[in-house]
Ligand code: F0G
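Numbering (the working numbering), first residue to last: 86 to 600.
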């Protein structure tokens with residue numbers, strides 16, 4: 086007999102302690118569709134309506150029977166899960182399907198190459214690494230041209246041309262060339278800069294965290310990776326940010342018997358990254374007109390656009406790519422979360438063929454990426470969205486409209502509590518008015534601490550068996566991201582829970598909310 090050991094909590098114990106204090110430290114033992122199940126003190130199973138949906142990973146619902154059956158058949162078939170560095174026709178099939186959808190929704194003939202990854206953050210790092218590789222290669226190409234011009238200048242000097250060293254120093258051609266090369270070496274090493282709209286969230290790895298606006302996540306790691314400038318989605322702001330990063334390389338030009346030092350642009354801004362519907366910032370659909378004008382500015386400056394569809398993609402918005410509602414075709418597009426069918430960890434980065442640098446395939450690899458298990462499940466999840474002429478997209482739009490209409494009716498009825506309702510399809514959010522000035526000490530304290538949304542979550546779980554979380558960087562916004570299978574009855578349950586919550590906020594009863 087093994088002695089019963091009281092195991093200390095070693096798996097992120099502080100997070101667990103915090104969740105527990107808010108009544109969120111619940112263990113779920115089963116899941117299906119939009120439900121998670123827990124056991125109460127008597128051991129009876131309790132159903133919880135799950136509106137978090139694996140943070141957007143379960144567009145087909147938890148343990149979707151078709152996906153589970155497919156997964157079981159995969160495991161029963163003994164097909165190799167790990168056969169790195171071999172032919173992977175299944176990966177190509179997924180790449181083709183994604184390209185077919187992209188052509189349909191974003192109206193292009195151009196293919197996109199697909200790189201496989203394991204998580205949303207990694208897919209974004211693939212995009213920023215590729216954009217940076219492209220920038221570095223362009224700098225190399227520019228320096229090679231400068232060398233050719235140096236050669237021509239040296240020949241011209243030998244033939245009697247004079248040298249104007251300004252703004253560098255030196256009186257002979259050799260001295261000027263030495264000064265120019267030294268200056269260019271220093272300038273070519275300028276760190277890249279990324280641009281992103283305020284509020285962006287793109288992951289928490291060393292590179293992607295610098296593209297994530299939230300300072301508490303980002304600043305401890307600022308020294309580790311390239312920096313991002315966050316700005317409003319306005320053409321002037323973007324043009325200004327680009328101008329602020331203007332740098333040059335030195336070059337030589339021979340003009341009428343005089344060798345002069347001239348300057349040529351050095352690319353510094355590596356890419357512009359955005360979410361078509363911002364998630365962590367509080368569920369905000371980007372403005373299509375503003376975006377189109379920003380895109381013009383970026384195109385004029387030759388800056389690539391990375392469209393992060395990790396959360397908004399896979400049909401959640403009512404189209405496969407949320408960017409298709411905005412008429413935005415990215416140079417890079419990333420997908421993850423629901424791509425894994427709620428079962429696997431799968432992510433991809435799609436890269437426009439015309440900008441694709443083939444050597445990148447050797448530079449970014451991962452043991453697990455492109456394994457047959459997750460890739461075949463990803464194909465299954467995508468095929469299920471595409472089935473019946475895209476019935477799933479219509480369902481996402483219709484269910485989303487119903488959910489949004491309910492949330493909007495609450496806003497109309499309780500404008501004193503509900504500040505705003507936003508979203509598209511099954512990516513919706515409800516923002517509460519700030520309660521920092523509340524006369525209730527608990528409400529004021531939680532609001533000031535940025536934790537009020539988690540307190541609301543604890544209440545909804547405890548009293549209404551409803552699982553809802555705030556968006557991480559805008560904690561007075563609750564997010565609702567159920568599957569396409571959410572029912573009218575479940576939307577009505579959501580409304581009832583929210584009415585209970587709103588009633589207690591109106592009563593200023595923080596104690597009841599904290600439990
Ligand atoms: N991009 C977006 C738009 C995301 O919402 C997330 C994650 C990521 C990238 C990173 O993906 O976690 O697979 O590495 N969002 C989570 C959320 C944290 O709260 O929805 P990951």
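Where is the CB? At the ideal position from N, CA and C, for every residue including glycine. Bear in mind the structure is a predicted one, so any value in this text is a computation, not a measurement.
Query: Residue 161 versus residue 418 - alpha carbon distance; Result: 33 Å
Query: Cα-Cα separation between residue 82 and residue 309, rounded to whole angstroms; Result: Only positions 86 to 600 of the chain appear in the structure, and residue 82 is not among them; the question remains open.
Query: Cβ pair count under 8 Å reaching 3, the region 199 to 217 against the region 383 to 403; Result: yes
Query: For residue 484, three-class secondary structure by DSSP; Result: helix
Query: Contact test: residue 360 Cβ vs the ligand F0G heavy atom, cutoff 6 Å; Result: yes
Query: Residues with C-beta closer than 6 Å to any heavy atom of the ligand F0G, in chain order; Result: 140, 141, 204, 205, 206, 209, 286, 287, 288, 360, 364, 365, 393, 395, 396, 421, 557
Query: Start-end ranges of the beta strand (DSSP E) lying completely within the region 88 to 117, minimum 3 residues; Result: 115 to 117
Query: Closest residue to residue 222 among 175, 591, 274 (Cα-Cα distance); Result: 274
Query: Exposure of residue 90, with buried meaning 16 or more beta-carbon neighbours within 10 Å; Result: exposed
Query: Closest Cα partner of residue 382 within the set 140, 318, 363; Result: 318
Query: Sequence-distant residues of the same chain with beta carbon closer than 6 Å to residue 180, five excluded per side; Result: 199
Query: Beta carbon of residue 413 nearer than 7 Å to that of residue 376; Result: yes
Query: Straight-line Cα distance separating residue 406 from residue 477; Result: 13 Å
Query: Enclosing beta strand (DSSP E) for residue 440 [first to last residue]; Result: Unbroken run through residue 440: none, as it is neither H nor E.
Query: Rounded separation between residue 567 and residue 139 - CA only; Result: 9 Å
Query: Distance between residue 220 and residue 423 (C-alpha atoms, nearest Å); Result: 31 Å
Query: Residue from 562, 595, 546, 355 whose Cα sits closest to the Cα of residue 104; Result: 546
Query: Residue nearest to residue 571 in terms of C-alpha spacing, selected from 98, 327, 484; Result: 484
Query: For residue 541, three-class secondary structure by DSSP; Result: helix
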